[in-house]
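K.L.:
Next comes the structure, spelled out in structure tokens:
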């Protein structure tokens, strides 16, 4: 992957030729040049189904709904929301995440076909099973991460990544002054 500042062409590192690619997986997240989030959601969807399939025979054997919801929360939900602390979810991403969660949830609770026939809504099913909502869980993880990063006052990468600078401020203003004249910081927490 490259941006406009890097010339086109392959490069060699330790005798190995590298070529340009459009996306890459780094620190558990799929990044791409266009900064699209849908490929990452597709990866999360596949990993959630793999996590479900690893417990599928246990889920099929038990009739205990609490055990099924515990297995869902501990395996499927954690893989579905992995690294969600760094996500910036839009409404369409939230809908996609909910759609993925509902599909795996219905399969986990074995209510796939009877749910539609009986007229049971997904929200009712979640209330009965006590399964956590994936979107709400991702937002809670983000808040917990910011609470962890907030007290850090040294120059770690976590605070540097969490700070963002408004685009309407000129770069020279940010480099010259760390604080605005009225005492407010020119960078804000994400």
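Numbering (my numbering), first residue to last: 211 to 400.
Here a beta-carbon is modelled for each residue, glycine too, at the ideal position from N, C-alpha and C.
Computed from a predicted structure; not experimentally measured.
1. For residue 349 and residue 295, I'd like the C-alpha separation in whole angstroms.
2. Tell me whether residue 385 sits in a helix, a strand or coil according to DSSP, three-state version.
3. Distance check for residue 223 and residue 288, CA to CA, integer angstroms please.
4. Is it buried or exposed for residue 286, if we count other Cβ within 10 angstroms and need 16 for buried?
5. Jot down the residue ranges of each uninterrupted alpha helix (DSSP H) in the region 278-334, minimum 4 residues, whole runs only, in chain order.
6. Just mark residue 339 as buried or exposed, buried being the case when its beta carbon has 16 or more other beta carbons within 10 Å.
7. According to DSSP, is residue 272 part of a helix, a strand, or is it coil?
8. Residues in its own chain within less than 7 angstroms of residue 265 by CB, not counting five upstream and five downstream?
9. So, under 8 angstroms CB-CB, residue 258 and residue 299 are touching, yes? Tell me the CB distance rounded to an integer number of Å.
10. Cα separation between residue 315 and residue 247?
11. Checking the sheet assignment: what are the DSSP bridge partners for residue 227?
12. Identify every residue that forms a DSSP beta bridge with residue 260.
13. Along the chain, where does the alpha helix (DSSP H) that runs through residue 352 open and close?
14. Measure the Cβ-Cβ separation of residue 278 and residue 319 and say whether it is below 9 angstroms.
15. Cβ atoms of residue 254 and residue 235: under 9 angstroms apart, would you say?
P.N.:
Inspection of the coordinates gives the following:
1. 8 angstroms
2. A caution first: residue 385 carries a pLDDT of 43, below 50, which makes its placement in the model unreliable, though a value can still be read off. DSSP places residue 385 in helix when its eight states are reduced to three.
3. Whole-angstrom Cα-Cα distance: 36 angstroms.
4. Buried, because 16 or more other Cβ atoms sit within 10 Å of the Cβ of residue 286.
5. 287-290, 301-318 and 322-328
6. buried
7. The three-state reading of DSSP puts residue 272 in coil, since its state is none of H, G, I, E or B.
8. Around residue 265: 281 and 285.
9. Residue 258 to residue 299, Cβ: 16 angstroms. No contact.
10. 22 angstroms
11. 222
12. BP columns for residue 260 are empty, so no partner.
13. Run containing residue 352: 344-359, per the alpha helix (DSSP H) assignment.
14. A contact, by the Cβ cut-off of 9 angstroms.
15. Cβ atoms of residue 235 and residue 254: not closer than 9 angstroms.
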